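Structure, as structure tokens:
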Amino acid sequence: MLRELEIIKQVLLRKKYFLLFLISSLITFFVFYFLTLWEVTDKSLKIFIEMNGYNYAFLTLLLLGIIALLLGVYVAIFAFKTSEFRENSDSVQKSSISDIKLTRRGKLIGFSGFLGFIAGLLSSGCPMCGSVIFALLGFPLALFFLPFKGLELRLLSIILLLFSVYFLAKSFVRCELKK
Amino acid sequence: MEKNTKVILIFFLAIVILVLVMYFSVTNPNDNKEEIVNISTGFFPALGSGEIKIIEFSDFACPVCKLQEPILKQVSEEYGDKISFYYRNFPLPSHKNSFDAALASSCANEQEKFWEYHDLLFGNQGNFEKELLERIASQLGLNTQEFNECLDSEKYKEQVNEDLDEGKKAGVRGTPTFFIDGKRYEGFQSLESLKNILG
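Put into structure tokens, the structure is as follows:
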């Protein structure tokens, strides 16, 4: 676990990847924030708090912030893996190097990250006034009918992203000697 | 059972299954062998003169080895008098021009600038074309004519191959691989884990 954290830290200490992390996190957060307030009158955070309560609003923003940060980390280490490994690989043997998209493990990590993002996206909405993403699917008030009004979706998103970030970092703890 | 509770249970069960599948599909390369391997320190000068020998098998073109570098620097600073650190070449065939980079590091060693060259190689990691290797040499003030002749003639090819062979015999399957007082540690090592090993 420490090793994977240190790998993430070392990747983020590099300017290029830190910028990527920062930009991805900010964009994600603003998209989620925007979607959350989309159906609220005047798109006002104050009205959102009045309708859903302070605790719910605080938890919503906190969890969406965590999701955005995790997504940023995921994007940065994914970019590191794809660009750095590919840059250094021999073109003749490129197919055998870190083609994470082709392996079962890579597919699982990617799928989990994607699901995490989708769960975060679905959870971005206001349970009392509607969710724009669920509205597109034909269930505008879906969050209202969930037992924890969408907080469970945010938690699921965090869990999935945590695992994809962890396993993605774990997948490049060394450069393999191919047989 | 209430419908909502069922949904939540199914939901968490699905997460547990997903986590288990992922856990078992990711192999852990840190299967450090308990056995002590008698391995030579190679051809390059040691950093430090302490009693604990750290031998690293590394590849200048390996991104993980590059990530490891700042941590090794920190360890060297903190344990300078307790450790002696040795570098051994293990250029992976899957990495572009990494064998040339290994040869170039031996040529730099001939002019007693191995560690300086080593640092610049990692700093310029990417495509190790001959032009880049020569530019780094000239940046360090090496005798470029001698360096180029050494590189062109592959003077230290045998030396690099010897490193590779010994590494393979000692069970090196990738880079970085460390032998600390003969015990093998595979893959990236965090600062904490190195501190734990070094005590």
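Protein chains in written order, with the working numbering: chain R, 1047 to 1225; chain H, 73 to 271. Note that the Cβ used here is the ideal one computed from N, Cα and C, for glycine as well. Because the structure is a prediction, the values reported are computed rather than measured.
By DSSP, does ARG160 of chain H sit in helix, in strand, or in coil?
-> strand
Residue from R:PHE1126, R:SER1129, R:LEU1109 and R:MET1174 with nearest C-alpha to ILE1205 of chain R = R:LEU1109
Among R:LEU1192, R:ARG1200, R:LEU1161 and R:ALA1188, which has the Cα closest to the Cα of SER1210 of chain R?
-> R:LEU1161
Cβ-based burial, LEU1059 of chain R [other Cβ within 10 Å; buried from 16] | exposed
Any chance the CB of SER1203 of chain R is under 7 Å from a heavy atom of the ligand GDP?
-> Absence of the ligand GDP from the depicted structure is noted, as is the absence of any ligand whatsoever, leaving it without description.
Count the C-beta pairs between the stretch 1069-1079 of chain R and the stretch 1104-1118 of chain R that are closer than 8 Å, then say yes if the count reaches three, no if not.
-> yes
Could you confirm whether any beta carbon from chain R is found closer than 8 Å to the beta carbon of GLU264 of chain H?
-> yes
Is ARG1060 of chain R helix, strand or coil when you go by DSSP?
-> coil
Candidates R:LEU1048, R:SER1071, R:GLY1099 and R:LEU1065: closest to MET1174 of chain R by CA position = R:GLY1099
Have a look at LEU1079 of chain R and ALA1122 of chain R and give me their C-alpha separation to the nearest angstrom.
-> Checking the displayed sequence, the identity of residue 1079 of chain R turns out to be Tyr instead of Leu. Going from the Cα of TYR1079 of chain R to the Cα of ALA1122 of chain R covers about 21 Å.
Mind checking whether ARG160 of chain H and GLY120 of chain H have CB atoms under 8 Å apart?
-> no
Quick one: grab the DSSP three-state call for SER1217 of chain R.
-> coil
Can you tell which of R:PHE1067, R:LEU1187 and R:ARG1220 has its C-alpha closest to the C-alpha of LEU1117 of chain R?
-> R:PHE1067
Assigned secondary structure, ILE82 of chain H (DSSP; H/G/I helix, E/B strand, else coil) | helix
Establish whether the CB of ILE1146 of chain R and some CB of chain H are separated by less than 8 Å.
-> Low confidence applies to ILE1146 of chain R: its pLDDT is 45, below 50, so where it sits in the model is not reliable enough to give any reading.
Where the alpha helix (DSSP H) through SER130 of chain H begins and ends = No alpha helix (DSSP H) holds SER130 of chain H; the beta strand (DSSP E) holding it covers 124-130.
Since TYR189 of chain H sits in a beta bridge, which residues does DSSP pair it with?
-> BP columns for TYR189 of chain H are empty, so no partner.
Min CB distance ILE1112 of chain R to chain H below 8 Å | no
If you check the beta carbons only, do LEU1048 of chain R and TYR1120 of chain R fall under 8 Å apart?
-> no
Could you tell me how far apart the beta carbons of ILE1053 of chain R and PHE129 of chain H are, in whole angstroms, since I believe they sit closer than 8 Å?
-> Their Cβ separation, rounded to whole angstroms, is 19 Å, which puts ILE1053 of chain R and PHE129 of chain H out of contact at 8 Å.
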